[in-house]
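Numbering (the UniProt record's numbering), first residue to last: 1 to 262.
Note that beta-carbon positions come from the ideal geometry of N, C-alpha and C, so glycine has one too.
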Amino acid sequence: MRTLAISLLIAMTSPLLGCGDEGPPPPPPMKDFRLEVSATEPGGPVPLAPVLVDGKVIGYTDQDGKFEAMLTERPGASVTLGIGTLSGYRLMSDESVTESLRLTSSGLGVPVALNASFESQKKEYMVWVSANCDPKMIDSTFCENLPVLKDGEEIGRTDDMGQAHIVFVGVPETKVKFSIKTPSVDPLKDPILPIPENPTFEVGLGFNSEIFLIEESFVNALEARKTKAKPRRSAPVRKRVIKRAPAKKKEDPRKKGEIDLW
1 MRTLAISLLI AMTSPLLGCG DEGPPPPPPM KDFRLEVSAT EPGGPVPLAP VLVDGKVIGY
61 TDQDGKFEAM LTERPGASVT LGIGTLSGYR LMSDESVTES LRLTSSGLGV PVALNASFES
121 QKKEYMVWVS ANCDPKMIDS TFCENLPVLK DGEEIGRTDD MGQAHIVFVG VPETKVKFSI
181 KTPSVDPLKD PILPIPENPT FEVGLGFNSE IFLIEESFVN ALEARKTKAK PRRSAPVRKR
241 VIKRAPAKKK EDPRKKGEID LW
């Protein structure tokens, strides 16, 4: 009888002993929240704008300036949705680049949206390329159809006169590199070894649309060694190039009063 009484007493008091030991309630289950981001400029969508959640890039806007994703998080959590910097664009002054918000269960099914308006800082520029071949050392056809590269990407080719006029888009206060890609040759087999090889020029872009003139003269290194000639190179020039006037010819008395424009 004593053993039975003790067992009953323990069974009656055990629920009371456990009341003060209960831990915190379990966290709410994870839920999916839909994110929708839109990036536009006055002329249309802005692609490749980085989308951030709590400062980390989770993706980029597509060609339509849209980004959609599902964010798995617990209701009640706070997140910051934003758009990162994008070269060539700036955010409109009356817009916010980030939005801090709290995810709630009542918002399930309603997209978490952020719309950002940009304005483009890109401008159009032009580069005039002139590749000159010394006819005494190298055939003029070498200067034809030479690829012109901007930051490593081909943007045009020289014509049969060795020239190329190319319009490109750039961002003010940045630098770009132009290069003329020369053909690969084998100095042991080819009779021509053109120099310089793949000449490169760096220019800084301003806030006004500009024209850059790039000139390069090519010679045959094999012939240059014999004559000790060196290729003439011109630095990139903005807008206009002033060339030295040719020496005056002796006046021909038969053409007195006439002006030679050439």
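Kindly indicate which three-state DSSP category residue i falls into: helix, strand or coil?
i: Phe118; result: strand
i: Phe142; result: helix
i: Ala221; result: helix
i: Met70; result: strand
i: Val241; result: Residue confidence is low: Val241 scores 40 on pLDDT, short of 50, so the model does not pin down where it sits. Its coordinate-derived value is still stated next. Coil.
i: Pro191; result: coil
i: Ser77; result: Sequence inspection shows Ala at residue 77; the Ser mentioned does not correspond to that position. Residue state, collapsed to three classes: coil.
i: Asp62; result: coil
i: Asp32; result: strand
i: Glu210; result: coil
i: Ser130; result: strand
i: Val53; result: strand
i: Glu173; result: coil
i: Glu197; result: coil
i: Leu86; result: coil
i: Gln163; result: strand
i: Val148; result: strand
i: Thr40; result: strand
i: Val112; result: strand
i: Lys136; result: coil
i: Thr182; result: coil
i: Asp23; result: Here residue 23 turns out to be Gly, not Asp, going by the sequence shown. Note: Gly23 maps to coil in three-state DSSP.
So residue i and residue j are in contact, right, with Cβ under 8 Å, and what is the actual spacing, rounded?
i: Glu197; j: Thr182; result: 5 Å
i: Ile83; j: Ala49; result: 5 Å
i: Ile155; j: Phe168; result: 6 Å
i: Leu205; j: Thr174; result: 6 Å
Rank the options by C-alpha distance to the C-alpha of residue i and give the top, closest one.
i: Val46; options: Lys66, Met161, Ser184; result: Lys66
i: Ser38; options: Pro24, Asp64, Met92; result: Asp64
i: Thr85; options: Glu99, Pro191, Leu52; result: Leu52
i: Leu104; options: His165, Pro28, Asp190; result: The amino acid occupying residue 104 in the given sequence is Thr; Leu does not appear at that position. It is Pro28.
i: Cys143; options: Pro42, Val79, Gly170, Ile192; result: Ile192
i: Ile166; options: Trp128, Val79, Pro25, Val176; result: Trp128
i: Thr80; options: Arg157, Pro111, Arg102, Gly88; result: Arg102
i: Ile195; options: Leu188, Leu205, Ser184; result: Ser184
i: Gly44; options: Ile211, Tyr89, Ala77; result: Tyr89
i: Glu99; options: Glu124, Ser78, Leu146; result: Ser78
i: Lys177; options: Ile214, Asp190, Glu41, Gly162; result: Ile214
i: Met92; options: Pro172, Phe207, Leu188, Pro42; result: Pro42
i: Thr61; options: Thr40, Pro75, Gly76; result: Thr40
i: Pro75; options: Asn145, Lys123, Pro26; result: Pro26
i: Asn208; options: Val110, Gln163, Gly170, Asp190; result: Gly170
i: Ile211; options: Tyr125, Lys189, Asp190, Leu188; result: Tyr125
i: Ser87; options: Pro172, Leu188, Leu146, Asp186; result: Pro172
Below 8 Å, can you find three or more Cβ-Cβ pairs linking the stretch 128 to 141 to the stretch 56 to 70? no
Is the stretch 138 to 148 close to the stretch 210 to 220, with three or more CB pairs under 8 Å? yes
Between the stretch 68 to 81 and the stretch 30 to 38, can you find at least three pairs of beta-carbon atoms closer than 8 Å? Touching, yes, given that three or more Cβ pairs across the two stretches are closer than 8 Å.
Stretch-stretch touch, CB-based, cutoff 8 Å, three pairs: the stretch 115 to 125 with the stretch 149 to 157: no
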